[in-house]
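Per my numbering, residue 4 is the first one in the sequence shown, and the count goes up by one each step. Quick reminder that beta carbons are idealized off the backbone N, C-alpha and C, glycines included. Just so you know, these numbers come straight off a predicted model, no measurement behind them.
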Amino acid sequence: ILRMDNWNAILFDLMQGLSNLEELKIENCGGIQEVIKLEGLLTIKGEQQDLLLPRLKTMFLIDLHELRCIWKGTTKLINLNNLEVLRVIRCKKLMRLFTPALAQSLQKLKFLTIERCDELEHLIVENVEEQVLSETHLQPLCFPKPNVVNVEVKSCNKLKCLFHVDRWNPVSIIFTLEELDIYSCGGLQEVFNFEGLLTREGEQQEFFPRLRRMHLEDLQELTYIWKGPIELVNLNNLEYLEVIRCKKLTHLFTPALAQSLQKLKFLKIERCDELEHLIVENAEEHVSSESHLQPLCFPKLKRVDVSYCNKLKYLFPMTIADSLLELKILAVKKNSQLMEVFTHEGDTGVQKDVTLPLLEFMKLKGLPSLVNFCPKNYQFILPNWMELKVESCKNMRTNFTRTPDRIVIRNGEVAQIDVPTGISTTSPVLTICPANNDITWRQEMKYGSEDVGRDCSIDLDDEHDEDDDYEDEDFED
4 ILRMDNWNAI LFDLMQGLSN LEELKIENCG GIQEVIKLEG LLTIKGEQQD LLLPRLKTMF
64 LIDLHELRCI WKGTTKLINL NNLEVLRVIR CKKLMRLFTP ALAQSLQKLK FLTIERCDEL
124 EHLIVENVEE QVLSETHLQP LCFPKPNVVN VEVKSCNKLK CLFHVDRWNP VSIIFTLEEL
184 DIYSCGGLQE VFNFEGLLTR EGEQQEFFPR LRRMHLEDLQ ELTYIWKGPI ELVNLNNLEY
244 LEVIRCKKLT HLFTPALAQS LQKLKFLKIE RCDELEHLIV ENAEEHVSSE SHLQPLCFPK
304 LKRVDVSYCN KLKYLFPMTI ADSLLELKIL AVKKNSQLME VFTHEGDTGV QKDVTLPLLE
364 FMKLKGLPSL VNFCPKNYQF ILPNWMELKV ESCKNMRTNF TRTPDRIVIR NGEVAQIDVP
424 TGISTTSPVL TICPANNDIT WRQEMKYGSE DVGRDCSIDL DDEHDEDDDY EDEDFED
């Protein structure tokens, strides 16, 4: 273990003697401009040079205000195969972290944290020497052993793209990443860029097969989450997605990406001013989808929160409604141009019933443009409801009917609601149109509903931590 505090300068030409170093922490060394200096290093022709830092597991670089680069010179002698934790915090003049060769060696990286690096423009940048080498002998894809990878980036305002993958060298993080958190990176325009990526004939490799959670917040210039050949992206394991205050983002998914979200449980979208669609079709997918249409479905989705997205016209296409078998909470608030929650191109003349068997809590509030909950002649049935609120939706024509055992949401004429045999008829059948009256309906907690807070961890009003149990007041403003 090597720890240094409050040094003004340090020479790392002696790094070759630190072959057993496992932990390196440098903090408050204001004069350091580079950590490892390899410029001018000479090797005898034919001599096998020992790789540097072969056992390094942990590296902390904190408050190094003059640090320009971590490694200077050729990086081919550096071995980071055992690096598991890298934290770079308040290194305000640092412009890059890795060359492609170094990134390719990160086969055991588990945690990467970058915070308040004001001049950081790239995580991975190619130097001239590596570019010449890579043109003569392209390296194969890196397939590391399974690892948990957590990436957290905060307050790096010059960072334009987090992961830019090109040619044949995607970095190992793309195959192992499980959790991604990005906050307050004002210059970030895209998270993942695959443009220019080439794959060898017959080669099939999917990116992000293990990504489980993604949180994007305060990214004012973000226009794309993914850019390039989307067919390489696999989101089959994504469970949690939160996108907050990404004001230039116009959409989240293409249909192909949405189709892969088979395990998505929690979706929270807030204050994305330019967001027009959650799912948007691109030209390439439109051509391919004509030959093999597949319905969209979110079979594991438990909770949806969408608020303050003022260009959003509708939430979901009607085609996914039948798949929402585990949806428990739906909160849609303060989306000024939202016209429908579920939409369908063209009207249907045949009445269709859609049952949301587990939906317990639903809130529609402050939606002045909302006309319909669902298309004409569709009918949503909520047999397991506990609380329903519809407030300040003065243009809404959809009717809400409450019976002793269910709520029926219908766009069109109010149908006769039959009370099932064996159910007491003492509770009246009540129908309300939100254009005339706000709705607040509640009933007593049902057996088994006390676990909603644990299962649905994004609170409606952001007042509690993820592990807090759900309580009635969480549904209030």
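Buried versus exposed, by CB contacts within 10 Å (16 or more), residue i
i	result
Glu87	buried
Arg99	buried
Asp308	buried
Gly33	exposed
Lys366	buried
Thr428	Confidence at Thr428 is low in this model, with a pLDDT of 36, below 50, so its placement is unreliable and the value that follows should be read with caution. Thr428 is exposed by the Cβ-count criterion.
Glu37	buried
Cys312	buried
Glu343	buried
Asn196	buried
Asn439	exposed
Lys316	exposed
Asn23	exposed
Asn31	exposed
Asn398	exposed
Option nearest residue i by Cα separation, candidates the options
i	options	result
Glu390	Asp408, Phe301, Thr401	Asp408
Lys314	Leu281, Glu193, Asp308	Leu281
Glu193	Thr322, Phe178, Glu220	Glu220
Glu234	Ser326, Arg119, Glu26, Glu209	Glu209
Leu264	Leu327, Lys366, Pro232	Leu327
Phe364	Lys392, Leu341, Gln340	Lys392
Val239	Leu362, Thr253, Glu224, Arg216	It is worth fixing the name first, because residue 239 is Asn in this sequence and not Val. The shortest Cα separation from Asn239 among Leu362, Thr253, Glu224, Arg216 belongs to Arg216.
Asn375	Ser339, Met321, Pro386, Phe345	Phe345
Lys337	Glu394, Thr322, Glu279	Glu394
Lys271	Tyr381, Val283, Gly76, Lys305	Lys305
Val266	Thr401, Leu244, Leu341, Gln110	Here the sequence assigns Lys to residue 266, which means Val is not the residue at that position. If we check each option's Cα against that of Lys266, Leu244 comes out closest.
Leu241	Phe269, Asn31, Tyr227	Phe269
Asn84	Cys377, Gln110, Arg400	Gln110
Phe319	Val91, Val283, Thr406	Val283
Leu341	Cys377, Leu362, Lys355	Cys377
One or two residues paired with residue i in a DSSP bridge
i	result
Met365	Leu333, Leu391
His254	His280
Asp356	Gln382
His218	Asp184, Glu245
Lys40	Lys75
Ile65	Glu30, Ile92
Ile228	Paired residue(s): none; Ile228 is not in a bridge.
Asp308	Lys271, Ala334
Thr346	Pro320
Thr116	Arg90, Glu155
Gly433	Going by the sequence as given, residue 433 is Leu instead of Gly. Arg405.
Leu24	None; Leu24 has no bridge partner.
C-alpha distance - residue i paired with residue j, whole-angstrom precision
i	j	result
Leu214	Ile176	10 Å
Gln446	Cys396	22 Å
Asn160	Thr434	52 Å
Val357	Arg93	53 Å
Ser108	Pro57	11 Å
Ala104	Pro360	52 Å
Leu27	Phe63	6 Å
Leu55	Leu89	17 Å
Arg248	Glu181	23 Å
Gly189	Glu122	12 Å
Ala259	Cys436	37 Å
Arg274	Lys250	7 Å
Phe485	Ile127	Since the first residue of the chain shown is 4 and the last is 480, residue 485 is not available in this structure.
Thr179	Leu67	29 Å
Leu80	Cys120	26 Å
Lys157	Leu115	11 Å
Val290	Glu25	Annotation note: pLDDT 36 at Val290 (below 50); position unreliable, coordinate value reported separately. Each residue's alpha carbon lies about 53 Å from the other.
Glu277	Pro212	29 Å
Lys331	Asp325	14 Å
Gly369	Trp388	21 Å
Glu69	Leu112	26 Å
Thr257	Leu222	20 Å
Ser231	His347	A small fix is needed here, since residue 231 is Gly in this sequence, not Ser. When rounded, the distance between both Cα atoms is 29 Å.
Ile323	Cys72	49 Å
Glu155	Ser187	11 Å
Range of the contiguous beta strand (DSSP E) that encloses residue i
i	result
Leu328	No beta strand (DSSP E) contains Leu328, which DSSP labels as neither H nor E.
Leu105	Careful: Leu105 lies outside any beta strand (DSSP E), inside the alpha helix (DSSP H) at 103 to 107.
Phe211	Premise fails: Phe211 is in no beta strand (DSSP E) and is neither H nor E.
Phe178	Run containing Phe178: none in the beta strand (DSSP E); it sits in the alpha helix (DSSP H), 176 to 179.
Pro320	317 to 320
Thr443	442 to 445
Leu165	164 to 167
Glu198	Element bounds for Glu198: n/a, residue is neither H nor E.
Leu126	125 to 127
Range covered by the alpha helix (DSSP H) that runs through residue i
i	result
Thr406	No alpha helix (DSSP H) holds Thr406; DSSP gives it neither H nor E.
Check: residue i C-beta below 8 Å from any heavy atom of the ligand NAP
i	result
Leu270	Questions concerning the ligand NAP fall outside what the structure shown contains, since it holds no ligand whatsoever.
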